[in-house]
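Take a look at the structure below.
Residue numbers (the UniProt record's numbering): 1 to 621.
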């Protein structure tokens, strides 16, 4: 009797058909789970089946390949196709922890702020679990990619290589982290920088650090996966996973920096990596959820930056120092509208306001050519939050003397900031280095500087109207002057091409200028002319006053809506949608206020106040 078990006859007939079935169809019909044992599957051997996975070559049949949540035939979105249509060469970065770096153990605990800032910190990190995915399902992990050809046998590999020459493996075969890394270099670098080229800091230096720093690696993959969530919701798990690993690595790095000496820090990349990791984690918190503000990280980043900048002059290049200073300044400006703080918190950046006019300007990925303007904008945002707190305080206290002193102090700080903004001059073209970006020119960078300068002034004047007085030249009331400045901002924005990289910086200016487009009744109160005015002065006043007309304001409101939608499509982040929601609520309140009418002096509805009351706070950069 033979040692090999005989196969029943009723199975022999079916066996002849297995060669025409795909592996997926075979496993489905036989209800066998393949254990992937080489050279034969033990499950098939025990049951007397010829294993189709390892005994013979497989021919996959596309008719068995489908997803339960999508139709079998579907059109790929333009966002998915864009993952192939890139122009900058990129290479997927392997996880540096797999090459000898210690990998942090996954933990659901978040970064303890007391480690960074001491036990006195009142900010608490939101806790998110670490999601592990040891059995990666490529069919559900990556965006859908349409390969050339009608079937697996007819794939035009020459055409495929032409589409992805810089890559080493086809996208359909790459693992999840490789796909996330690809998305970072293809999409995130472009929308996360107002100037993008092969010299882009987020493309060159960050790409280099990803290969050597596990902290930077997981920070980058966290933000890239968070951005990919807009295309594929299942990426949220990977985004939180990489963020938790990055937080764990940052938490373990801080004690080492505290115990190191100044000489050790100056010759090490650890402080730079820790600062960069803190900035990337904090600034992209809203990418995971628009309600996350990253306030814990910004306090830690300030401490790290103060330590880093003292040694940067000895061991770092001017380019790295300018870039890190610029992105830190930008973060301060964006956070100032959502964090209650004093002006002293940002005093460590005052040295940027003393830039010499003859200095060469290197375009910064986040601040362009106007880093000092973002210091002033951070002050304006802080003053706007303080004015709101003072307004709320005056409603619950009867001590007018105390509130009066606080109001006088705020007005004094506002005047100092106004003077700095008025004196600021946009750098001339001959002092600006070539951005080397085909879609972002020096002209665009100078326009965005003009936009931010006027935006900071409008926000300041709208919150502190006492800074303005009726003009002796044209007799316009302060409200009309602010409206005219807001329309001027929108005119400059209209001149910026929607393809320019500076579009990623337009959210805050659109909110500031757009929220100023409020219905003011009666219009006659905006013009306080006198008999001594010349005909030209009267004509100038009428032209400026035209921005207060209802139909003109409706035109510019439509423009702001449209431009915010374009920014939302360009950036791909849900926080931009909150900006639109804030504006709609501001306009609704102002329209009601104008319809009811009041004998008091007109007061603007402040968008910061609406954002707080409606719980729409988010990082708008």
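Ideal placement from N, C-alpha and C gives every residue a C-beta, glycine not left out.
Looking at residue i: is its Cβ nearer than 8 Å to the Cβ of residue j?
i, j, result
"residue 564", "residue 510", "yes"
"residue 216", "residue 273", "yes"
"residue 368", "residue 449", "yes"
"residue 337", "residue 381", "yes"
"residue 467", "residue 513", "no"
"residue 301", "residue 275", "yes"
"residue 457", "residue 418", "yes"
"residue 280", "residue 223", "yes"
"residue 361", "residue 427", "yes"
"residue 375", "residue 445", "no"
"residue 581", "residue 545", "no"
"residue 342", "residue 440", "no"
"residue 309", "residue 335", "no"
"residue 246", "residue 277", "yes"
"residue 393", "residue 452", "no"
"residue 559", "residue 480", "no"
"residue 329", "residue 296", "no"
DSSP state of residue i, grouped into three classes?
i, result
"residue 204", "coil"
"residue 440", "strand"
"residue 368", "strand"
"residue 520", "coil"
"residue 468", "coil"
"residue 619", "coil"
"residue 476", "strand"
"residue 119", "Legend: pLDDT at residue 119 = 38, less than 50; position of this residue unreliable, no value from coordinates given."
"residue 605", "coil"
"residue 257", "helix"
Residue i CB to nearest chain C CB: under 8 Å?
i, result
"residue 410", "Absent from the structure is chain C; it holds one protein chain and no more."
If residue i sits next to residue j, beta carbons under 8 Å apart, how far is it from one beta carbon to the other, in whole angstroms?
i, j, result
"residue 195", "residue 363", "5 Å"
"residue 290", "residue 579", "The pair is not a contact, with the Cβ atoms about 10 Å apart (cut-off 8 Å)."
"residue 218", "residue 257", "Rounded, the Cβ-Cβ distance is 18 Å, inconsistent with contact."
"residue 231", "residue 271", "Not quite, the Cβ-Cβ distance comes to about 35 Å (not below 8 Å), so this is no contact."
"residue 390", "residue 406", "5 Å"
"residue 333", "residue 378", "4 Å"
"residue 185", "residue 203", "7 Å"
"residue 348", "residue 395", "Rounded, the Cβ-Cβ distance is 34 Å, inconsistent with contact."
"residue 437", "residue 197", "5 Å"
Going by Cα to Cα distance, which pick from the options is closest to residue i?
i, options, result
"residue 282", "256, 294, 476 and 271", "294"
"residue 340", "621, 608 and 206", "608"
"residue 243", "256, 288, 206 and 201", "288"
"residue 621", "232, 365 and 459", "365"
"residue 492", "618, 479, 182 and 443", "443"
"residue 508", "548, 499, 187 and 567", "567"
"residue 346", "593, 360, 331 and 356", "331"
"residue 483", "176, 573, 333 and 550", "550"
"residue 190", "234, 179 and 571", "571"
"residue 462", "605, 431, 395 and 335", "605"
"residue 435", "597, 592, 401 and 201", "201"
"residue 181", "221, 452, 480 and 203", "221"
"residue 269", "251, 234 and 205", "205"
"residue 356", "394, 398, 577 and 425", "425"
"residue 548", "498, 478 and 429", "478"
"residue 603", "187, 612, 610 and 593", "593"
"residue 554", "573, 590, 577 and 569", "590"
"residue 626", "344, 447, 506 and 176", "The requested residue 626 is not part of the displayed model; the chain covers only 1 to 621."
- prompt: Do the stretch 227-244 and the stretch 201-215 meet, that is, are 3 or more Cβ pairs less than 8 Å apart?
  reply: no
query: Just checking, does the stretch 484-493 make contact with the stretch 410-418 on the three C-beta pairs under 8 Å criterion?
result: no
message: I'd like to know if the stretch 580-587 and the stretch 504-518 are in contact, where contact means that at least 3 CB-CB pairs between them fall below 8 Å.
response: yes
- prompt: Hey, is the stretch 386-393 in contact with the stretch 316-333, meaning 3+ C-beta pairs nearer than 8 Å?
  reply: no
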